[in-house]
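Residue numbering for the sequence shown follows UniProt numbering, beginning at 1 and increasing consecutively. Note that the Cβ used here is the ideal one computed from N, Cα and C, for glycine as well. Predicted, not measured: the structure shown is a model, and the values here were computed from it. As structure tokens, the structure follows; a few thoughts come after it.
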Amino acid sequence: MDRTEENRQEYKELQRRVKREVSKAKQKAYEELYTRLDTREGEKDLYRLARQRDRDGKDVQQVRVIKDRDGRVLTSEESVQRRWKESFEELMNEENEREKRVEGVNSVEQKVDKIRKDEVRKALKRMKSGKAVGPDDIPVEVWKCLGEAAVEFLANLFNRVLESERMPEEWRRSVLVPIFKNKGDVQSCSNYRGIKLMSHTMKVWERVVEARLRKVVEICEQQYGFMPRKSTTDAIFALRILMEKYRDGQKELHCVFVDLEKAYDRVPREELWYCMRKSGVAEKYVRVVQDMYERSRTVVRCAVGQTEEFNVEVGLHQGSALSPFLFAIVMDQLSEEVRQESPWTMMFADDIVICSESREQVEENLERWRFALERRGMKVSRSKTEYMCVNEREGSGTVRLQGEEVKKVQEFKYLGSTVQSNGECGKEVKKRVQAGWNGWRKVSGVLCDRKISARIKGKVYRTVVRPAMLYGLETVSLRKRQESELEVAELKMLRFSLGVTRLDRIRNEYIRGTAHVGRLGDKVREARLRWFGHVQRRDSEDSFELHSVDLELEAVEKQIRDLQVKQAQLRQRKAALESSRTDAHLSKAQRKDAARPGFVHSGAGVRRSLDAAAAEDASQAPGEDLSPPPPPVFEISTQNRFAPLRETECDAVIIGDSIVRHVRATAAKGKVHTRCLPGARVLDVSTQVPAILKKNIGAVVLHAGTNDIGLRQTEILKKDFRSLVEKADMACRDMSTTLSQFISTAIHLDNLRHQHHPNPHSYNCPRRHLDTLDPRESKFETMQLSRTRVSEEEPVAYSTATVFLLHTTQPPSLPVPRMPIHIIVKSEQ
Numbered sequence: 001m002d003r004t005e006e007n008r009q010e011y012k013e014l015q016r017r018v019k020r021e022v023s024k025a026k027q028k029a030y031e032e033l034y035t036r037l038d039t040r041e042g043e044k045d046l047y048r049l050a051r052q053r054d055r056d057g058k059d060v061q062q063v064r065v066i067k068d069r070d071g072r073v074l075t076s077e078e079s080v081q082r083r084w085k086e087s088f089e090e091l092m093n094e095e096n097e098r099e100k101r102v103e104g105v106n107s108v109e110q111k112v113d114k115i116r117k118d119e120v121r122k123a124l125k126r127m128k129s130g131k132a133v134g135p136d137d138i139p140v141e142v143w144k145c146l147g148e149a150a151v152e153f154l155a156n157l158f159n160r161v162l163e164s165e166r167m168p169e170e171w172r173r174s175v176l177v178p179i180f181k182n183k184g185d186v187q188s189c190s191n192y193r194g195i196k197l198m199s200h201t202m203k204v205w206e207r208v209v210e211a212r213l214r215k216v217v218e219i220c221e222q223q224y225g226f227m228p229r230k231s232t233t234d235a236i237f238a239l240r241i242l243m244e245k246y247r248d249g250q251k252e253l254h255c256v257f258v259d260l261e262k263a264y265d266r267v268p269r270e271e272l273w274y275c276m277r278k279s280g281v282a283e284k285y286v287r288v289v290q291d292m293y294e295r296s297r298t299v300v301r302c303a304v305g306q307t308e309e310f311n312v313e314v315g316l317h318q319g320s321a322l323s324p325f326l327f328a329i330v331m332d333q334l335s336e337e338v339r340q341e342s343p344w345t346m347m348f349a350d351d352i353v354i355c356s357e358s359r360e361q362v363e364e365n366l367e368r369w370r371f372a373l374e375r376r377g378m379k380v381s382r383s384k385t386e387y388m389c390v391n392e393r394e395g396s397g398t399v400r401l402q403g404e405e406v407k408k409v410q411e412f413k414y415l416g417s418t419v420q421s422n423g424e425c426g427k428e429v430k431k432r433v434q435a436g437w438n439g440w441r442k443v444s445g446v447l448c449d450r451k452i453s454a455r456i457k458g459k460v461y462r463t464v465v466r467p468a469m470l471y472g473l474e475t476v477s478l479r480k481r482q483e484s485e486l487e488v489a490e491l492k493m494l495r496f497s498l499g500v501t502r503l504d505r506i507r508n509e510y511i512r513g514t515a516h517v518g519r520l521g522d523k524v525r526e527a528r529l530r531w532f533g534h535v536q537r538r539d540s541e542d543s544f545e546l547h548s549v550d551l552e553l554e555a556v557e558k559q560i561r562d563l564q565v566k567q568a569q570l571r572q573r574k575a576a577l578e579s580s581r582t583d584a585h586l587s588k589a590q591r592k593d594a595a596r597p598g599f600v601h602s603g604a605g606v607r608r609s610l611d612a613a614a615a616e617d618a619s620q621a622p623g624e625d626l627s628p629p630p631p632p633v634f635e636i637s638t639q640n641r642f643a644p645l646r647e648t649e650c651d652a653v654i655i656g657d658s659i660v661r662h663v664r665a666t667a668a669k670g671k672v673h674t675r676c677l678p679g680a681r682v683l684d685v686s687t688q689v690p691a692i693l694k695k696n697i698g699a700v701v702l703h704a705g706t707n708d709i710g711l712r713q714t715e716i717l718k719k720d721f722r723s724l725v726e727k728a729d730m731a732c733r734d735m736s737t738t739l740s741q742f743i744s745t746a747i748h749l750d751n752l753r754h755q756h757h758p759n760p761h762s763y764n765c766p767r768r769h770l771d772t773l774d775p776r777e778s779k780f781e782t783m784q785l786s787r788t789r790v791s792e793e794e795p796v797a798y799s800t801a802t803v804f805l806l807h808t809t810q811p812p813s814l815p816v817p818r819m820p821i822h823i824i825v826k827s828e829q
């Protein structure tokens, strides 16, 4: 095409048109995406989107180059694939040195029942959906969708496998995916953990076999890993309470945390068959499991493609549904002669804790464990095994393992929870805060997206971030300061997620309410009581022997007693506040004479009082300071907001509780900036409608001022007003007209104050106008709002209030006063 001016202009026009169309298409696609994400069906896509955004934000996603044994960087695809294969083939086919067994064990020959359909149904139910498929590309969702037809087919297939003791050859193949451990050199193969992607159908078969093995094999009580009705919480609590008891008794407690090198990958398979037979497993099942591990092959899927296949001759399958229980069987048999009762010995899979009252005893027990494990092919890691002493005295010494000194620490991360030798939990709290922030950053792409609703953000927060912060806190005795530290971190995350800053001066309760997130301290107590119920419901044969159950119950019951004492103290304080409020409540005559100088009893009185104030302003000397004095501060109790009014309060001023919650944010703790009577009642307005209609109430005040650009405060006012009008309208049909008239009165007051206090002492928030309002519709169109700084020293206070006068038909005349008008009260005799 010729590059003429005409062609150039035509090209630019087409380019602009294409950009507009692309922009419209993107906008439409985003609108459809956010609409789908806001539905129940789209929530799963939401978590997938969050993970993708987290991966996109990382510096390294896939490594296309890797280092060889000598540290040289390999760049060609063939050399990289060869290095990955070499690394994992060596890992999965190399055994530790061990003694050959000379003794045998009698096999258990017994009849094995056929696989029933209900067993297949339970196995399918335990399978999670949405997982990566194996080499056969058949996801478990296929079997779940087929229903009873799939159950019948799988039952027949599994019975054929059980009878022939040979599974399909396709099940022997797997794909190994290297996962970076997030520590060390990213180009070193040793810093990657391999996860096998196996056939989902084979995993269903493994779950059927596992369910049957659990019925015949009894694992020792010291094993907490992958056992029914046991979790990491039980093991963490048993260790913490044991350490606490020894600190209370001023006695030393010595703990060694044993780590095994590549425990799953180095289990000798001959030892596995031996341990299964010794545990009483029928020989039929032993041969079936042996067939699962025979001729198993795998490939490594890396960034540059898949490697060649290689055999796997050693260790358990990573990612297998059966492997955790097989490993528990091996550890149970190898430790049979050396383990002590719980909690002196505790195991969670390959994490072992050995406790004793003396350093010499714990060192002797450690050596016995080392000998029992290493003679059978398991190896104790010298670098990761650590020693900790509780209530250590001078000259306690260190622990040695085969002449090598074991690393001595003052804190240890046991099963994800940090335990300290001094009994403190400050570092654990900091770890929980850090874990919460790590989880928040992973989903920050979703949480900080302004187009996603607060409801969805709250759900993502509750399912991703909060569990990381609450992990293990059931076992920790938190101080008030530490609980506050957790809540502060949580509120920071919520503020970031909702686009709110502290300058917006929005109360924490409203932020939690918007995101539908409760107080973290309450959730900690709920988790603690839930776990206590779990301990109480546990079967006697699964409970701790001797020490453990007594220690658990004693500690949790102590926490419950502490909560009951705190509740009793709160009830006493509440009663005292109610009593003091009643004593301080002025009588009707006293309020008229002493406490109502700024309030009047008739429309004429309003004009006289305000005219007198204006005349007093005019009589001031020219040089006199006319700046308004600081507003009075009254302490108003907000206890028992739903209690009905008493007979002595029939002429009281009712203040909606929302105004107190908002204004308190700008004042000192426990104080409220308000221009009302000291004896005014702060109540839930909607519950007081019957008393308002029957008695001569002075006024009902609902807060309408806000500095919240998100209009959350206006939403609260709408709710209060709607509830008031709906209940009042049923009892008094003509009340709505009166309410409408005095809404305009409140707006007029705001305009007058804005004129009286120009800048720099007053400034406006985003202004919204209320033109018309039909209270029967219970809907605010818009609202005119402002806030005023009365003096330089006074903090910014909310200055607008909507006044509903229930027994007046004409609005009073409102001349310009000297003081800012916040509440005008009209009461008829």
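Subject >> Counterpart residues of Thr298 in DSSP-defined beta bridges >> reply: Ser174 and Phe310
**OP:** Check whether the stretch 340-348 touches the stretch 236-247, taking contact to mean three or more Cβ pairs, one atom from each stretch, closer than 8 Å.
**Re:** At 8 Å Cβ cutoff, the stretches touch.
Original post:
Do Arg277 and Val314 come within 8 Å of each other at the CB atom, strictly closer than that value?
Top reply: no
Original post:
By the 10 Å Cβ neighbour count, where 16 or more other Cβ atoms means buried, how is Arg266 classified, buried or exposed?
Top reply: buried
Original post:
Using a Cβ-Cβ cut-off of 6 Å (strictly less than) and excluding sequence neighbours within five positions of Arg432, which residues of its own chain qualify?
Top reply: Met469
Original post:
Below 8 Å, can you find three or more Cβ-Cβ pairs linking the stretch 199-208 to the stretch 130-143?
Top reply: yes
Subject >> Segment limits, alpha helix (DSSP H) that includes Ile241 >> reply: Thr232 to Asp248
**OP:** Find out if the Cβ-Cβ distance for the pair Val330, Val281 is shorter than 8 Å.
**Re:** no
Original post:
Which one of Glu21, Gly42, Glu31 and Arg83 has the shortest CA to CA distance from Gln306?
Top reply: Arg83
**OP:** Could you tell me if Ser383 is buried or exposed, where buried requires 16 or more neighbouring beta carbons within 10 angstroms of its beta carbon?
**Re:** An exposed status is given to Ser383, since fewer than 16 other beta-carbon atoms sit within 10 Å of its beta-carbon.
Subject >> Cβ shell of Val288 (< 6 Å), same chain only, five flanking positions each side left out >> reply: If we look at Val288 and ignore the five residues flanking it on each side, its Cβ neighbours are Glu165.
Original post:
Given Trp531, which residues of its chain have a CB within under 7 Å of its CB, disregarding the five upstream and five downstream residues?
Top reply: Closer than 7 Å at the Cβ level, and outside the excluded window around Trp531, lie Thr233 and Glu474.
Original post:
In this structure, does DSSP put Gln318 in helix, strand or coil?
Top reply: coil
Original post:
What is the DSSP secondary structure of Ala614, counted as helix, strand or coil?
Top reply: Confidence at Ala614 is low in this model, with a pLDDT of 36, below 50, so its placement is unreliable and no value can be given for it.
**OP:** Just tell me which of Phe348, Lys251, Val304 and Leu154 has its CA closest to the CA of Tyr224.
**Re:** Phe348
Subject >> Proximal residues to Arg98 (C-beta, below 7 Å), its chain only, five neighbours per side dropped >> reply: Pro268, Arg375, Arg376 and Gly377
Original post:
Just curious, the alpha helix (DSSP H) that Cys145 is in, first and last residue?
Top reply: Val140 to Leu146
Original post:
Would Ala303 pass as a contact of Val63 if the rule is Cβ separation under 8 Å?
Top reply: yes
Original post:
Out of Cys255, Gly513 and Val460, which has the shortest C-alpha to C-alpha gap to Tyr414?
Top reply: Cys255
Original post:
Buried or exposed: which applies to Phe153, given that a residue is buried once 16 or more other Cβ atoms fall within 10 Å of its Cβ?
Top reply: Exposed is the call here.
Original post:
Using CA coordinates, which residue listed in Lys408, Ala372 and Phe371 is at the minimum distance from Thr385?
Top reply: Lys408
**OP:** On the DSSP bridge assignment, give the partners of Arg400 in chain order.
**Re:** Glu405
Original post:
Excluding the five sequence neighbours on either side, which residues of its own chain have a C-beta within less than 6 Å of the C-beta of Gln9, listed in chain order?
Top reply: none
**OP:** State the start and end residues of the unbroken alpha helix (DSSP H) segment that holds Thr35.
**Re:** Glu5 to Leu37
**OP:** Report yes if the CB atom of Phe226 is closer than 8 Å to the CB atom of Val353, and no otherwise.
**Re:** Contact flag unset, no.
Original post:
Which runs of the alpha helix (DSSP H) fall wholly inside the stretch 471-510 and span at least 4 residues, in chain order?
Top reply: DSSP assignment within the stretch 471-510 yields the following whole alpha helix (DSSP H) runs of 4 residues or more, N-terminal first: 480-498.
Original post:
Counting Cβ pairs, one atom from each stretch, are 3 or more of them under 8 Å apart for the stretch 393-407 and the stretch 119-129?
Top reply: no
Original post:
Given that a residue counts as buried once 16 or more other Cβ atoms are within 10 Å of its Cβ, and exposed if not, what is Thr418?
Top reply: buried
Subject >> Status (buried if at least 16 other CB within 10 Å, exposed otherwise) for Pro597 >> reply: Its pLDDT being 33, under 50, Pro597 is placed unreliably in this model, and the coordinates cannot settle the point.
Original post:
Grouping DSSP H, G and I as helix and E and B as strand, with all else coil, what is Gln52?
Top reply: DSSP, read as helix, strand or coil, puts Gln52 in helix.
Original post:
Can we say the stretch 513-524 touches the stretch 562-576, given the rule of at least three CB pairs closer than 8 Å?
Top reply: no
**OP:** Consult DSSP for Leu415 and reduce its assignment to one of helix, strand or coil.
**Re:** coil
Original post:
Taking Cβ positions, are Ala328 and Arg207 nearer each other than 8 Å?
Top reply: no
Subject >> Residue from Val380, Ala25, Arg72 and Asn508 with nearest C-alpha to Asp259 >> reply: Val380
Original post:
Do Val500 and Arg462 have their C-beta atoms within less than 8 Å of each other?
Top reply: no
Original post:
Considering Met347, what are the terminal residues of the beta strand (DSSP E) in which it resides?
Top reply: Thr345 to Phe348
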